[in-house]
Amino acid sequence: MAQSAPSRTLHELADGVYVWLQPGGESGVSNAGVIVDDDGVTIVDTMMVRSQWEPFAEAVKALDVPMRRIVLTHGHIDHVGGTKAFPHAGVFASPQTSAVLDQHMPIDAYKTFMSAFEEEFDDLAELGTRPATHLIDGAASLTPRVEVLPASGHTEGDVIVLVADADVCFPGDLCFFGVTPLAFQGDPAKWADMLEAVVDLADTIVPGHGPVGGEREVRELQAYLRACVDAKGDPSAIPPGPWDSWLERERPHAVCECSSWKTSGRWWFVNAWPTPG
Ligand SMILES: [Zn+2]
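Numbered by our numbering, the letters in the sequence shown go through residues 1 to 277 in order.
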């Protein structure tokens, strides 16, 4: 049930649940969300560079309610780059994401990996990101509407945000819809299993990258990840499927081979695009 919600605007998906979608969904082009509670808003992820998060932050400000919390679904720069746009919000993150935020930003690697944003990375380097203020180390209700659920698969420290009353969940990069998942720090087998839980959480799923979807899109991603596991590092062994029309199809090499360099930590960039074969 892929939905055609407008992009680069605060779109109300359900009562008091907004999405800010970026078209495409390739590397560095992620989505964000906003959930309204009585005390103010919870922001889910913050995108990467100023041209992305500045209009988002202005739109959230225009809601004219306090910006209470940011929940970071994981530590990748295209989700945490805009934390400084919300200076008074608590920053909720997994211990793994918190550790990433405390490290030096590998700007040169970002420039290499996401060259389309090369010029904006200097601004990001100067600005920096905010540290976590609250650690998510177990399932918790942050507000009457917002639950956070620790997970893993895309990274070791994923967090899913669930708004049960609206039947909407934000699984971050555990879901890529219409775009090949980036799994350099992931575990495709564990990730596919985790998606079994995601489909049970809510009917409407806001992915980290790509358009809003539901169970069908999650099942396609799950099938793809399992095909990658079965391919045992050989991209040519991945059978035809809906993934053939996804963006960034050069990624299977990264997916297939990732389990052998899962331990590479933040400096995965060096190995992010291994040559096939
Ligand atoms: Zn990610």
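Backbone N, C-alpha and C define an ideal beta-carbon position, used for all residues, glycine too. These numbers were taken from a predicted model, which means no experiment stands behind them.
In the three-state reduction of the DSSP assignment, Val-41 falls in the strand class, which pools E and B.
Straight-line spacing of the CA atoms in Val-65 and Ile-35 works out to 11 Å. Contact annotation: the segment 49–64 does not touch the segment 139–152, with fewer than three C-beta pairs closer than 8 Å. Where His-11 is concerned, there is no enclosing alpha helix (DSSP H), although the beta strand (DSSP E) around it starts and stops at 11–14.
One alpha carbon belongs to Ser-245, the other to Arg-50, and they sit about 30 Å apart. Note: Gly-90 is bridge-paired with Arg-69 in the DSSP secondary-structure output.
Beta-bridge pairing by DSSP links Ala-151 to Asp-158.
Looking at the DSSP output, Cys-169 sits in a beta bridge with Leu-162 and Ile-205.
In chain order, Ala-2, Pro-207, Gly-210, Pro-211, Gly-213 and Glu-217 place their CB closer than 7 Å to the CB of Phe-177, counting only its own chain and leaving out the 5 sequence neighbours on each side. Between the beta-carbon of Met-47 and that of Ala-59 there is about 12 Å, and that puts the pair past the 8 Å contact cut.
DSSP places Ala-231 in the helix class (H, G or I) of the three-state scheme. Per the Cβ contact rule, the segment 186–204 is in contact with the segment 220–233 (3 or more Cβ pairs under 8 Å). In terms of Cβ geometry, Gly-75 and Ala-57 do not form a close pair [threshold 8 Å]. The beta carbon of Tyr-224 lies closer than 7 Å to those of Gly-241 and Trp-243 in the same chain, with the five residues before and after it left out. Its chain contains His-74, Gly-75, Ser-94, Pro-95, Gln-96 and Thr-97 as the residues whose beta carbon lies nearer than 7 Å to that of Gly-157, once the 5 sequence neighbours on both sides are disregarded; these appear in chain order. The beta carbon of Leu-201 is closer than 6 Å to those of Leu-162 and Cys-169 in its chain, skipping five residues each way along the sequence.
Gly-40 is a Cβ neighbour of Arg-68, given a cutoff of 8 Å. For Val-19, the uninterrupted beta strand (DSSP E) run begins and ends at 17–20, by DSSP.
Taking C-beta atoms as the reference points, Asp-37 and Val-146 count as a pair closer than 8 Å.
Per DSSP, the beta bridge partners of Val-179 are Leu-247. With a cutoff of 7 Å, Asp-173 counts as near ligand 1, since its C-beta is closer than that to a heavy atom of the ligand.
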